Amino acid sequence: MRNWVLITGCSTGIGWALVPLCREAGWGVVATARNPAALSELPPGEDLRVLPLDVTDAGSIAAAAAACADLRLKALVNNAGYGQVGPLELLRPEELRAQFETNVIGLHAVTNAFLPLLRREPGARILQVASMLGRLSIPLAGPYNASKHAVVALAESLRLEVGRDVAVVLVEPGAIRTAFRDTLAEAWGDLPDRARGTRYETVLARYLAKRKDQAERFAMDAETCARKLLKALNARHPPRRVVIGRDAFWVGKLKALLPASWWEGLMRRTYGLE
Ligand SMILES: NC(=O)c1ccc[n+]([C@@H]2O[C@H](COP(=O)([O-])OP(=O)(O)OC[C@H]3O[C@@H](n4cnc5c(N)ncnc54)[C@H](OP(=O)(O)O)[C@@H]3O)[C@@H](O)[C@H]2O)c1
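In terms of our numbering, the sequence shown opens at residue 1022 and continues consecutively.
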């Protein structure tokens, strides 16, 4: 009997890269996506189950949990998420709500739906994919920062509550080369129109251009990142935190070391907000 892992958000990026790595390592994988057609290129096999799963849809979560009842589900990777960026001054409440619906409420709902299955397996684990922006906040990404801080807080409480039965691992990547930065622009909506004529117009244009450029130059590739998740899936003693990338490691250290006013000055200068 093989052990199974369910991964959310497998259509692209880290989730997509993790599926074959887990299969090669002997896991059975429940690969999920909002649109399962996005997974049609995955080689079929007895070690693969493809399911539709939208983390904002309670019915879809319940159906996925029911479809896994016969499996030895030993791990859950809550990976699905997107980045809502934009200056808070211009942000609509519904945009903040939507960000939390996916990144926070969705992750929570999926966790609770699968906990009863995970509890059956000794050594089971949940990987909650947060971000380096779950520990520090940058300007122009307030909704995303807030959602990932919430993921960190939920994971730390959950670990205290269920950690003796199911290990809770916080995954905290820095910049990873995925579709993430393309979907930033989608979530963006009509924000450029709202920014027109405000102090944010040029700041935002520069931010978007720079983010993409930086990601292409410095970001880690999705497969290298996925390998770090696989290590936590396979670990005999799962770690509490997996910090991924030199940026995630050093920027966190820098913030802890610098006086607050220096850190804020650095952030304002970096993002053209002086
Ligand atoms: N890339 C980075 O620099 C970075 C850094 C730190 C943390 N992260 C985190 O890593 C995770 C994976 O992101 P990624 O970089 O691999 O980006 P990605 O390539 O954009 O992948 C995100 C995945 O989440 C899925 N998703 C979005 N909303 C969903 C929903 N309501 N239900 C189910 N799936 C949904 C997307 O599916 P669709 O195709 O259906 O949209 C996609 O499969 C996210 O939680 C992200 O916040 C990324």
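From the three backbone atoms N, C-alpha and C, an ideal C-beta is built for every residue, glycine too. Values in this document were obtained by computation on a predicted structure and should not be read as measured data.
Looking at ligand 1, does it come within less than 7 Å of residue i, judged from the CB to the closest heavy atom?
i, result
"Leu1138", "no"
"Ser1158", "no"
"Arg1232", "no"
"Ala1196", "yes"
"Asp1091", "no"
"Gly1107", "no"
"Phe1121", "no"
"Tyr1228", "no"
"Ser1032", "yes"
"Phe1239", "no"
"Ile1082", "no"
"Arg1118", "no"
"Leu1074", "yes"
Out of the options, which has the shortest C-alpha to C-alpha gap to residue i?
i, options, result
"Trp1037", "Tyr1292, Leu1251 and Val1264", "Leu1251"
"Val1071", "Ile1082, Val1050 and Val1172", "Val1050"
"Cys1031", "Trp1025, Asn1024, Arg1023 and Val1040", "Val1040"
"Arg1055", "Arg1180, Leu1042 and Thr1029", "Thr1029"
"Tyr1103", "Glu1237, Glu1222, Ala1253 and Arg1118", "Arg1118"
"Leu1229", "Arg1202, Gly1218, Arg1220 and Ala1240", "Arg1202"
"Val1272", "Asp1186, Ala1216, Ala1200 and Gly1155", "Gly1155"
"Ala1240", "Val1263, Pro1259 and Asp1268", "Asp1268"
"Asp1242", "Thr1199, Asn1166, Arg1023 and Val1125", "Thr1199"
"Asp1078", "Ala1087, Ala1130 and Val1172", "Ala1130"
"Leu1092", "Ser1282, Arg1023, Phe1270 and Arg1113", "Arg1023"
"Leu1181", "Ser1158, Asn1166, Ala1208 and Arg1261", "Arg1261"
"Ala1058", "Trp1048, Gly1066, Leu1074 and Glu1067", "Leu1074"
Assuming residue i and residue j are in contact, meaning their beta carbons sit under 8 Å apart, how far apart are those beta carbons, in whole angstroms?
i, j, result
"Val1183", "Leu1128", "The pair is not a contact, with the Cβ atoms about 15 Å apart (cut-off 8 Å)."
"Gly1266", "Ala1196", "7 Å"
"Leu1294", "Pro1160", "6 Å"
"Leu1063", "Ala1052", "6 Å"
"Pro1212", "Leu1111", "First, the amino acid is wrong: residue 1212 is Leu here, not Pro. Indeed they touch by this definition, with Cβ atoms about 6 Å apart."
"Leu1097", "Thr1132", "7 Å"
"Arg1044", "Leu1069", "7 Å"
"Pro1194", "Gln1105", "Not a contact, Cβ separation roughly 18 Å."
"Val1263", "Val1192", "5 Å"
"Ala1188", "Pro1259", "4 Å"
From the DSSP output, in three-state form, read off residue i for me.
i, result
"Ile1082", "helix"
"Glu1193", "strand"
"Pro1073", "strand"
"Asp1214", "helix"
"Thr1033", "coil"
"Met1022", "coil"
"Val1224", "helix"
"Leu1117", "helix"
"Asn1166", "helix"
"Arg1202", "helix"
"Arg1093", "coil"
"Asn1255", "helix"
"Arg1146", "strand"
"Gly1107", "strand"
"Val1131", "helix"
"Gly1047", "coil"
To the nearest angstrom, how far is the alpha carbon of residue i from that of residue j?
i, j, result
"Lys1169", "Ser1152", "6 Å"
"Glu1285", "Glu1177", "27 Å"
"Asp1214", "Gly1034", "29 Å"
"Ala1162", "Ala1085", "31 Å"
"Val1150", "Glu1244", "15 Å"
"Thr1291", "Val1224", "10 Å"
"Ile1147", "Thr1204", "25 Å"
"Asn1255", "Ala1145", "10 Å"
"Lys1095", "Thr1123", "23 Å"
"Val1190", "Ala1253", "8 Å"
"Glu1237", "Arg1141", "42 Å"
"Gly1107", "Gly1066", "42 Å"
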